[in-house]
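Contents: one structure, followed by commentary.
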């Protein structure tokens, strides 16, 4: 008995000394790289707040952190929010960072669309999309599509209920809009009845599953996929919902080759394209249009509702507009303060919070790190917007004024400091379209309603590759007499 007690006492003393030594070695919150399991024990309790966790790790490591996964898991990754690294990866050494096989495995559901494409295929995708956005008729089509949605569906829905989930409403609005632009089809998901459209809801299941493919060992999510369980089951169901929604639109487009839609443009450019290729192309464009715009509008209205002084400045700006006629693209360009508020929203809550990169060949980053070919690099757009060294001591505050020059014009920041629309050759082609659409929607809503977040409603980011709100945005509306 005495031997057992002595042994237990000895083990307790050894454990105490180990923990004390570990505590002395780690004055920061950086995770320990344990034998076998790596830094996974530090990740697990933070998996529900992954964006803030990455921000803390990179902030305490000078902007770049080497994260070590469990042995044999292939989960080692370099996390960075260093603007110099972002400029190097996305611009200066762009050719060494194709999407590559690892990215395509994770984002397999997107198929042969622009997000997965590299080299000649990517250039053709981009050229065709750019041609559509710069077409003389595009601006008027965008304006009519957005304003018809606002006037005939968004405002009646808001009038019908004074207590709503703005995130759900903005997702439906942007889904209907992008479907009209891409497919020349309006699913009417935004209406007083608020119908359930499986394809529209499938986007949420997809973006949740894709984040977890970044966090789990490949063998784990592949096993889930084979067994048809967990998030992989939802991803398979989402893929079927996309097929059932998009494929009939692709078939109809065969008879509409002279129509003015993105799908018609791609069918003309890729004359021998298969139904699957056109489905993939449409899905990529719908993802870009539905989730990014809807998420940004949601965060904007939360930030406005919690910053009354900024709200009043926006209201004064839009009060000077003539609301007796359609408020369009040209009118939206005059809303400088609202534009600054959107930029500030995108800085703090970029819709695409992180991006996965892998160098084709070994590379030396500006921060001094050398990385192997095919190493996993996680670039955190969310974190760079919260770096004091980049944005100053007030980097966590919502200040639209930081985007407005002394002459009253919008300041333009380098994309490696403000990568909300990506950076380098892959910079988002729909940037101007997104700003016009969001300003038209935001101005129309703020002109007619005052908005308060429902008391007790907690706002937190959702665990997904798109920075949505976990439980939506419940607000109370009160109509303004204009």
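In mature numbering (1 follows the signal peptide of the UniProt record, and there is no 0), the protein residues as written are -24 to -1, 1 to 458. Glycine residues also receive a C-beta, built at the ideal position from the N, C-alpha and C atoms. Computed from a predicted model, the values in this text were never measured in an experiment.
Buried versus exposed, by CB contacts within 10 Å (16 or more), residue i
i           : result
residue 229 : buried
residue 331 : buried
residue 85  : buried
residue 10  : exposed
residue 307 : buried
residue 8   : exposed
residue 406 : buried
residue 456 : exposed
residue 352 : buried
residue 116 : exposed
residue 48  : exposed
residue 61  : buried
residue 135 : exposed
residue 112 : exposed
Residue interval of the alpha helix (DSSP H) (run including residue i)
i           : result
residue 209 : 206 to 229
residue 79  : 76 to 82
residue 43  : Residue 43 -> not in any alpha helix (DSSP H); beta strand (DSSP E) instead, spanning 40 to 43.
residue 29  : 26 to 35
residue 124 : 114 to 125
residue 17  : 16 to 19
residue 253 : 251 to 281
residue 316 : 312 to 324
residue 195 : 194 to 203
residue 393 : That residue, residue 393, is in no alpha helix (DSSP H); it is neither H nor E in DSSP.
residue 131 : 131 to 136
residue 62  : 59 to 63
residue 284 : 284 to 295
residue 102 : 95 to 109
residue 373 : From DSSP, residue 373 is part of no alpha helix (DSSP H); its letter is neither H nor E.
Proximal residues to residue i (C-beta, below 6 Å), its chain only, five neighbours per side dropped
i           : result
residue 268 : 327
residue 387 : 379, 381
residue 75  : 92, 94
residue 460 : In this structure the chain extends from -24 to 458, so residue 460 is not present and cannot be described.
residue 46  : 13, 14, 16
residue 404 : 397, 398
Extent of the continuous beta strand (DSSP E) to which residue i belongs
i           : result
residue 333 : 330 to 333
residue 356 : 353 to 356
residue 140 : 139 to 141
Beta-carbon contacts of residue i that lie in its chain and below 8 Å, excluding the five residues immediately before and after
i           : result
residue -22 : Here residue -22 scores only 44 on pLDDT, less than 50, and its place in the model should not be relied on; the value that follows carries that caveat. Excluding sequence neighbours, residue -22 sits near nothing in its chain.
residue 158 : 237, 238, 239, 258, 261, 262, 265
residue 414 : 269, 272, 273, 276, 318
residue 255 : 87, 218, 219, 222, 223, 226
7 Å CB neighbourhood of residue i in its chain, flanking five on each side removed
i           : result
residue 80  : 92
residue 119 : 304, 305
residue 293 : 311, 313, 314
residue 448 : 141, 143, 144
residue 185 : 207, 208, 210, 211
Contact check, residue i vs residue j, beta carbons under 9 Å
i           : j           : result
residue 189 : residue 165 : no
residue 305 : residue 380 : no
residue 281 : residue 442 : no
residue 362 : residue 96  : no
residue 140 : residue 422 : no
residue 329 : residue 27  : yes
residue 56  : residue 391 : no
residue 133 : residue 182 : no
residue 213 : residue 178 : yes
residue 340 : residue 187 : no
residue 399 : residue 109 : no
residue 220 : residue 175 : yes
residue 309 : residue 123 : no
residue 41  : residue 20  : no
residue 430 : residue 451 : yes
residue 284 : residue 50  : no
residue 72  : residue 337 : yes
residue 335 : residue 347 : yes
residue 172 : residue 437 : no
residue 343 : residue 52  : no
residue 30  : residue 359 : yes
Those residues which DSSP pairs with residue i across a bridge
i           : result
residue 339 : 347
residue 453 : 427
residue 54  : 42, 353
residue 178 : According to DSSP, which records beta bridges pairwise, residue 178 is partnered with nothing at all.
residue 445 : 437
residue 10  : 14
residue 386 : 380
residue 398 : 396
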